[in-house]
Each structure stands twice: as structure tokens, then as C-alpha cells.
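Engineer: Taken in order, these protein sequences are the chains called A and B. Each residue of the first sequence is one higher than the one before, starting from 294 at the first, in my numbering. Each residue of the second sequence is one higher than the one before, starting from 294 at the first, in my numbering. Ideal Cβ placement from N, Cα and C applies to all residues, glycine included.
Number of protein chains: 2
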Amino acid sequence: MRIVFLGSGNVATHLSFALKKTGNDIIQVYSKTLENAELLASKVDADPIDDIKLINTNADLYIFSVKDDILPEIVEHMPETTGIWAHTAGSMPMYLFSAKRREGYGVVYPLQTFSKSREADFSNIPFFIEGDNPKTEHILVETAKSISGSVRLLDSEKRRYLHLAAVFANNFSNHMFTLASEILDQEGVSAEVLKPLISETVAKVMVMEPKKAQTGPAVRYDEKVIQKHLDLIQDNDTKKIYELISKSINKHSK
Amino acid sequence: MRIVFLGSGNVATHLSFALKKTGNDIIQVYSKTLENAELLASKVDADPIDDIKLINTNADLYIFSVKDDILPEIVEHMPETTGIWAHTAGSMPMYLFSAKRREGYGVVYPLQTFSKSREADFSNIPFFIEGDNPKTEHILVETAKSISGSVRLLDSEKRRYLHLAAVFANNFSNHMFTLASEILDQEGVSAEVLKPLISETVAKVMVMEPKKAQTGPAVRYDEKVIQKHLDLIQDNDTKKIYELISKSINKHSK
Chain A
294 MRIVFLGSGN
304 VATHLSFALK
314 KTGNDIIQVY
324 SKTLENAELL
334 ASKVDADPID
344 DIKLINTNAD
354 LYIFSVKDDI
364 LPEIVEHMPE
374 TTGIWAHTAG
384 SMPMYLFSAK
394 RREGYGVVYP
404 LQTFSKSREA
414 DFSNIPFFIE
424 GDNPKTEHIL
434 VETAKSISGS
444 VRLLDSEKRR
454 YLHLAAVFAN
464 NFSNHMFTLA
474 SEILDQEGVS
484 AEVLKPLISE
494 TVAKVMVMEP
504 KKAQTGPAVR
514 YDEKVIQKHL
524 DLIQDNDTKK
534 IYELISKSIN
544 KHSK
Chain B
294 MRIVFLGSGN
304 VATHLSFALK
314 KTGNDIIQVY
324 SKTLENAELL
334 ASKVDADPID
344 DIKLINTNAD
354 LYIFSVKDDI
364 LPEIVEHMPE
374 TTGIWAHTAG
384 SMPMYLFSAK
394 RREGYGVVYP
404 LQTFSKSREA
414 DFSNIPFFIE
424 GDNPKTEHIL
434 VETAKSISGS
444 VRLLDSEKRR
454 YLHLAAVFAN
464 NFSNHMFTLA
474 SEILDQEGVS
484 AEVLKPLISE
494 TVAKVMVMEP
504 KKAQTGPAVR
514 YDEKVIQKHL
524 DLIQDNDTKK
534 IYELISKSIN
544 KHSK
């Protein structure tokens with residue numbers, strides 16, 4: 294397939310690498326900042342563009358991997374093309390494309406956190422696909438299957454919940470690691486000592502439900518320990534977070 | 294060394310296995326419930342007892358691995374012995390032993406979450422040691438070193454913060470996985486799809502600071518996405534948790 298990427302961020306970068314590796318042609322990379330377009334384009338042998346009017350209208354697939362808030366605007370300025378349009382955003386509905394075209398659009402949502410500095414192993418990244426009709430859906434599913442062994446259909450409504458769950462599973466758990474590190478930093482203890490504990494936390498949820506893996510003072514709401522901990526926390530927001538999560542753990546343990 | 298264990302829970306179980314494996318003799322296991330004492334004692338070739346008066350007073354080391362709230366009471370009823378007394382609790386001070394004996398006591402705190410159903414690899418579990426004098430400290434450090442490559446001294450005051458940090462790093466991050474799973478359960482999507490995301494979340498913090506690994510809508514406080522997410526959450530406590538953590542992430546990103 295001949296593919297155009299709109300966007301040059303983490304998702305566009307890793308997804309274009311993966312698609313190129315499995316034999317697709319990345320023909321153009323668009324970014325409103327030419328430098329960013331050039332950086333990615335040079336790595337996937339594509340042409341960089343910063344003017345949406347220069348989009349090649351004969352590609353098979355246009356992948357929109359831009360920030361949620363500029364996605365509608367970019368779609369608005371797209372020229373008419375023959376190929377399919379698909380975005381990669383968890384929280385944006387598929388039908389935003391309907392403002393601009395009658396058919397041939399969908400969503401390819403990879404459930405993963407991408408960093409520029411880390412290689413992504415797409416083979417086990419779950420992809421969630423949506424298409425405006427069975428033909429579009431089929432093409433998007435086959436494209437995703439060329440890079441991942443975990444591809445399924447999901448509509449926009451359910452995808453929003455998936456994105457919400459991902460925020461808890463990734464962003465919020467990561468912030469718990471940040472707060473833990475901060476507590477140790479303040480005491481002059483290296484946060485490195487937490488690594489085996491963090492590894493085991495995750496190793497456990499790979500083989501059992503997180504609810505069943507839960508331990509610690511909040512499970513039985515051990516007020517003495519909880520109060521001792523609250524007394525140690527100086528930051529008021531962190532104190533509130535400790536209290537609320539402890540109550541929630543206890544509620545979920547019943 | 295000849296070791297007596299007081300307690301038969303997760304920590305006592307895993308720690309006694311590890312100490313036995315490196316050539317120590319576990320001579321007795323005490324539990325107020327004889328059945329529990331028997332279960333562990335049979336696995337480490339020790340004698341089970343449920344009466345603290347039957348404690349063998351000639352052991353080299355007595356390890357108290359019981360719940361925080363019953364620890365002082367058990368110490369209170371201990372007969373005089375020659376060997377060292379040490380507890381394994383993160384939030385309990387070393388000096389609680391001073392109510393009962395003049396010297397020869399300390400703390401051996403392994404920073405890890407233990408489950409009965411999972412084998413523990415002690416070689417990389419960090420141990421934090423405290424002793425009432427250099428001689429006690431030396432013996433406890435050498436004992437810990439016989440099972441772990443990561444042993445250091447830490448006083449009771451700092452150990453409390455370590456325990457607090459562990460609650461964030463393990464209990465609270467695990468609860469974020471629980472809430473994420475719950476959101477998907479309610480939508481009929483298998484929580485299994487979160488596993489690659491959770492794995493990558495932790496793989497990232499093994500090589501970079503969690504603060505620097507942070508991504509998602511809260512980093513730049515993307516109000517549109519955050520409001521959309523809040524609208525999806527039905528449980529009020531979970532909503533508050535979402536709001537507070539998002540604000541905290543944003544504050545830490547500045």
C-alpha cells in the first residue's frame with residue numbers, strides 16, 4: 294500500500310516504521326512544521342510536506358496521527374482523495390471525517406504508549422479498528438494485521454472507554470511511581486530501590502486480576518498505618534490522593 | 294544460624310524458605326493458630342508451636358513477621374533469649390523491642406510484595422537493616438547478604454517513608470490497574486488488552502525517571518479530553534481520583 298502520514302509525533306513515527314518494515318510505501322509525511330516532517334520523512338524514504346495542498350491524492354491510505362485538537366482542522370483542509378482516511382486517536386469519534394467526505398474513512402487505534410527514544414514491538418500491541426463500511430473495515434483490519442497479532446473491531450463509543458482505561462493503566466500508575474520516587478528523593482534514598490517492587494507489581498497482574506493481587510494497609514483499611522502515612526505526607530494534594538485511593542481500594546476489596 | 298520464626302504469613306513463608314535454602318536451620322515456627330504454624334513448619338523442617346512459652350530460647354535469631362498491630366503484644370510475651378530479635382515491618386520502629394530487652398534487636402525489612410502463590414526471587418530484593426548496636430547490625434546485614442545482593446542500613450525514621458513510597462509504587466499503581474480493568478469490564482471489553490500497555494509502562498520506568506516518562510492528557514492539562522473522560526466516569530470517588538491525579542501530574546510536569 295502507498296501510505297501518507299499526517300503528523301510526525303510518537304504514534305506517526307512508530308506506526309510508519311512498522312508499516313514500512315512490512316513492505317508498505319510511506320510516500321509523504323505532512324507536518325505543519327517542515328523540520329518535523331523532514332525528520333520523519335528521511336527515516337521512511339518519504340517526501341516531507343508542510344502544506345496540506347501538496348498532499349498526493351493517489352495514495353491508498355492516509356493516516357492522521359495528530360493531536361486531538363487539531364485533527365478536525367486538518368481534516369477540513371484535506372483535498373479529495375481516492376484512498377481511505379483513518380485517524381489513530383482514542384478519544385475522537387470516527388464520524389468527524391463525515392464532515393468532509395461521504396465514505397472511505399475509519400480508525401486505527403493502537404493501545405500503547407510510545408516514546409521517541411524507545412523502539413516499539415508492534416507484534417503484541419492491540420489494535421482497535423473501525424470503518425465506515427465493511428470494505429474500509431476489511432482494508433484497515435488487514436493493514437493492522439500486517440504489523441500486529443492482536444487486531445479487533447471496536448466502535449467509537451467503546452473506544453472512548455478504552456482510552457480512559459489506558460489513562461488509568463499507564464498515565465496514573467506511572468504517576469504513582471513518580472510520587473513514590475519523590476517521597477524517597479526527599480529522604481535521600483535512591484528511588485532505584487523501588488524497581489524490584491515495581492517489576493513484581495506488574496509481574497503479578499500479568500498472571501492474576503489486579504483486584505486479587507491487591508495488598509497493603511488499605512485492603513482492610515488499617516487506620517493506624519493509614520494515619521501514620523498521612524502524617525508523613527506534606528503535600529496536601531498528595532495527602533488527598535492517598536486518602537481517596539485508600540478508600541477506593543477498600544471499597545473494591547469488599 | 295538457628296532461626297525461630299514468629300508468624301507464618303507471606304513474609305515469614307518466603308523469608309524462611311530463602312534462609313533455609315542458604316543453609317540456615319529454621320528450628321521453630323510460632324503462630325497463634327497451630328494449623329498455620331504447622332503448614333509453614335512442615336515446609337522448612339521446623340517445629341510448629343502456638344504457645345509463645347514454648348519458644349526455644351537458644352536460637353541465634355528470632356524473626357518477627359506478624360501483623361503490625363499484634364507485634365508489640367507478641368514481643369511483650371517473649372521469654373528471655375540469647376539470640377537477636379528482629380522484625381520485618383516497614384512502619385514499626387526498632388525501639389519497640391526496648392520495652393522488653395536491653396540489647397540485641399533490630400529490623401530486617403525486605404522491600405517487596407509477597408504472595409503465597411508466587412515464588413520470590415530474593416537475590417534482587419532490597420533489604421533495609423537496622424540494629425541496636427554495630428554487632429547486631431553486622432549479624433543482620435550478613436544474614437540478609439546471604440540471600441540478597443542488595444542490602445543496606447536504614448534507620449526507623451527513614452524506613453517509614455520507604456513503606457509509604459512502597460504503598461504508592463505497589464498498592465496504588467495496582468489499584469489504577471483495577472480501575473482500568475473495571476472500566477473495560479463494564480464495556481464488555483476484555484481487560485487482557487491492557488497487558489502490553491502495562492508492561493511497557495513499567496519497562497519505561499526501568500530505564501527512565503517516571504516523571505520524564507509521563508504522557509497523556511494531564512501533562513499539559515488538556516481540558517477537553519479530561520472533561521470527556523470525567524463525563525464517562527460514573528463512580529464519584531473514581532471521578533475525584535481522576536481529577537486529583539490529573540492535577541497532580543500537571544503540577545509535577547511543570
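Run the CB neighbour count on Thr-494 of chain B, radius 10 Å, all protein chains shown included, and call it buried at 16 or more, exposed below.
Structural biologist: Thr-494 of chain B is buried by the Cβ-count criterion.
Engineer: Please tell me whether Leu-525 of chain B has its Cβ less than 8 angstroms away from any Cβ of chain A.
Structural biologist: With 8 angstroms as the cut-off, Leu-525 of chain B counts as an interface residue toward chain A.
Engineer: For Met-501 of chain B, count neighbouring C-beta atoms within 10 Å of its own C-beta (all shown protein chains included) and say buried if the count is 16 or more, exposed if not.
Structural biologist: Exposed, because fewer than 16 other Cβ atoms sit within 10 Å of the Cβ of Met-501 of chain B.
Engineer: On a Cα-Cα basis, can you pick out the residue from A:Gly-442, A:Arg-452 and A:Ile-363 that is closest to Arg-480 of chain B?
Structural biologist: Looking at the sequence shown, residue 480 of chain B is not Arg but Glu. For the residues A:Gly-442, A:Arg-452 and A:Ile-363, the minimum Cα distance to Glu-480 of chain B belongs to A:Arg-452.
Engineer: Determine whether the Cβ of His-522 of chain B lies closer than 8 angstroms to any Cβ atom of chain A.
Structural biologist: Yes, because at least one Cβ of chain A sits closer than 8 angstroms to the Cβ of His-522 of chain B.
Engineer: How about Leu-404 of chain B and Ile-356 of chain B: are their beta carbons less than 8 angstroms apart?
Structural biologist: No, Cβ-Cβ distance for Leu-404 of chain B and Ile-356 of chain B is not below 8 angstroms.
Engineer: Restricting to Cα atoms, I'd like to know which of B:Pro-372, B:Asp-414 and B:Phe-415 is closest to Arg-394 of chain B.
Structural biologist: Nearest of B:Pro-372, B:Asp-414 and B:Phe-415 to Arg-394 of chain B, Cα basis: B:Pro-372.
Engineer: Using DSSP bridges, identify the partner residues of Arg-295 of chain B.
Structural biologist: According to DSSP, Arg-295 of chain B bridges with B:Asp-318.
Engineer: Looking at the C-beta of Phe-310 of chain A, does it have a partner C-beta in chain B at a distance below 8 angstroms?
Structural biologist: With 8 angstroms as the cut-off, Phe-310 of chain A does not count as an interface residue toward chain B.
Engineer: Count the other CB atoms, across all protein chains shown, that sit within 10 Å of the CB of Met-572 of chain B; report buried if there are 16 or more and exposed otherwise.
Structural biologist: What is shown of chain B runs 294 to 547, which leaves residue 572 of chain B out entirely.
Engineer: Any beta carbon of chain C sitting closer than 8 angstroms to that of Pro-341 of chain A?
Structural biologist: The structure shown contains no chain C; its protein chains are A and B.
Engineer: Note the first and the last residue of the continuous alpha helix (DSSP H) segment covering Leu-327 of chain A.
Structural biologist: Segment 327-336, the alpha helix (DSSP H) holding Leu-327 of chain A.
Engineer: Going by CA-CA distance only, name the one from A:Asp-361, A:Ile-526 and A:Phe-310 that's closest to Met-387 of chain A.
Structural biologist: The residue with the shortest Cα to Cα distance from Met-387 of chain A is A:Asp-361.
Engineer: Check the Cβ-Cβ distances between Lys-438 of chain B and every residue of chain A, and say whether any is below 8 angstroms.
Structural biologist: Chain A, which has no Cβ nearer than 8 angstroms to the Cβ of Lys-438 of chain B, makes this no.
Engineer: How is the beta strand (DSSP E) around Phe-421 of chain B delimited, first residue to last?
Structural biologist: Segment 420-424, the beta strand (DSSP E) holding Phe-421 of chain B.
Engineer: Hey, Ala-379 of chain B and Val-359 of chain B: beta-carbon distance below 8 angstroms or not?
Structural biologist: Not a contact, by the Cβ cut-off of 8 angstroms.
Engineer: Is there a Cβ from chain A that is less than 8 angstroms from the Cβ of Ile-491 of chain B?
Structural biologist: Yes, Ile-491 of chain B lies at the interface with chain A (some Cβ there is under 8 angstroms from its Cβ).
Engineer: So which of B:Lys-544, B:Asn-351, B:Lys-346 and B:Asn-463 has the shortest CA-CA distance to Asp-318 of chain B?
Structural biologist: Comparing Cα-Cα distances from Asp-318 of chain B to each of B:Lys-544, B:Asn-351, B:Lys-346 and B:Asn-463, the minimum goes to B:Asn-351.
Engineer: Ile-432 of chain B: which of B:Thr-406, B:Asp-353, B:Lys-497 and B:Phe-310 sits nearest, CA to CA?
Structural biologist: Of B:Thr-406, B:Asp-353, B:Lys-497 and B:Phe-310, the residue nearest in Cα terms is B:Asp-353.
Engineer: Roughly how many whole angstroms lie between the Cα atoms of Ser-546 of chain A and Ala-382 of chain B?
Structural biologist: Answer to the nearest angstrom: the Cα atoms are 23 angstroms apart.
Engineer: Ordered along the chain, which non-local residues of its own chain (more than five positions away) have a Cβ less than 6 angstroms from that of Thr-406 of chain B?
Structural biologist: Correct list, in chain order: Asn-463.
Engineer: What residues in its chain sit with their C-beta under 6 angstroms from that of Arg-295 of chain A, if we drop five residues either side in the sequence?
Structural biologist: Cβ neighbours of Arg-295 of chain A beyond the five flanking positions: Asp-318, Ile-320, Ala-352 and Asp-353.
Engineer: Of the residues B:Asp-340, B:Ala-437, B:Arg-411 and B:Gly-424, which one's Cα is nearest the Cα of Leu-389 of chain B?
Structural biologist: Ranking the options by Cα distance to Leu-389 of chain B, first place goes to B:Gly-424.
Engineer: Just confirm the distance between the C-beta atoms of Tyr-535 of chain A and Ile-526 of chain A, as a whole number of angstroms; I'd bet it's less than 8 angstroms.
Structural biologist: Between Ile-526 of chain A and Tyr-535 of chain A the Cβ distance is about 6 angstroms, and since that is below 8 angstroms, they are a contact.
Engineer: Looking only at C-alpha atoms, which of B:His-468, B:Asp-338, B:Leu-523 and B:Thr-436 sits nearest to Lys-544 of chain A?
Structural biologist: Out of B:His-468, B:Asp-338, B:Leu-523 and B:Thr-436, B:His-468 has the C-alpha closest to the C-alpha of Lys-544 of chain A.
Engineer: Note down, in chain order, every chain A residue with its Cβ under 7 angstroms from the Cβ of Gln-405 of chain B.
Structural biologist: Within chain A, the residues near Gln-405 of chain B are Pro-489, Leu-490 and Glu-493.
Engineer: Just verifying my parser: in three-state terms, what is the DSSP assignment at Val-512 of chain A?
Structural biologist: Reduced to three states, the DSSP call for Val-512 of chain A is coil.
Engineer: How many Å lie between His-370 of chain A and Leu-364 of chain A at the Cα?
Structural biologist: His-370 of chain A and Leu-364 of chain A: Cα-Cα distance of roughly 10 angstroms.
Engineer: Quick one: what does DSSP say Arg-394 of chain B is sitting in, helix, strand or coil?
Structural biologist: It is coil, neither helix nor strand.
Engineer: Rounded to whole angstroms, what is the Cα-Cα separation between Asp-414 of chain B and Gln-520 of chain B?
Structural biologist: Rounded to whole angstroms, Asp-414 of chain B to Gln-520 of chain B spans 43 angstroms at the Cα level.
Engineer: Could you please give me the residues that DSSP links to Val-340 of chain B through a beta bridge?
Structural biologist: For clarity, residue 340 of chain B is Asp in the given sequence; the question names Val instead. DSSP lists B:Gln-321 as partners of Asp-340 of chain B.
Engineer: Mind checking whether Ala-311 of chain B and Ile-440 of chain B have CB atoms under 8 angstroms apart?
Structural biologist: Their beta carbons are under 8 angstroms apart, which means Ala-311 of chain B touches Ile-440 of chain B by this criterion.
Engineer: Sort out for me which residues DSSP pairs Tyr-402 of chain B with in a bridge.
Structural biologist: Answer by DSSP bridge pairing, in chain order: B:Phe-421.
Engineer: To which residues of the same chain is Ser-539 of chain A closer than 8 angstroms at the C-beta, ignoring the five residues directly before and after it?
Structural biologist: Excluding positions up to five away in sequence, the list reads Pro-510, Ala-511, Tyr-514 and Ile-519.
Engineer: Of the residues B:Leu-490, B:Val-486 and B:Ala-496, which one's Cα is nearest the Cα of Val-489 of chain A?
Structural biologist: One detail in the question is off: residue 489 of chain A reads as Pro in this sequence, not Val. Taking only the C-alpha atoms, the option nearest Pro-489 of chain A is B:Ala-496.
Engineer: Is there a C-beta anywhere in chain B that falls below 8 angstroms from the one on Lys-497 of chain A?
Structural biologist: Yes, Lys-497 of chain A counts as interfacial toward chain B.
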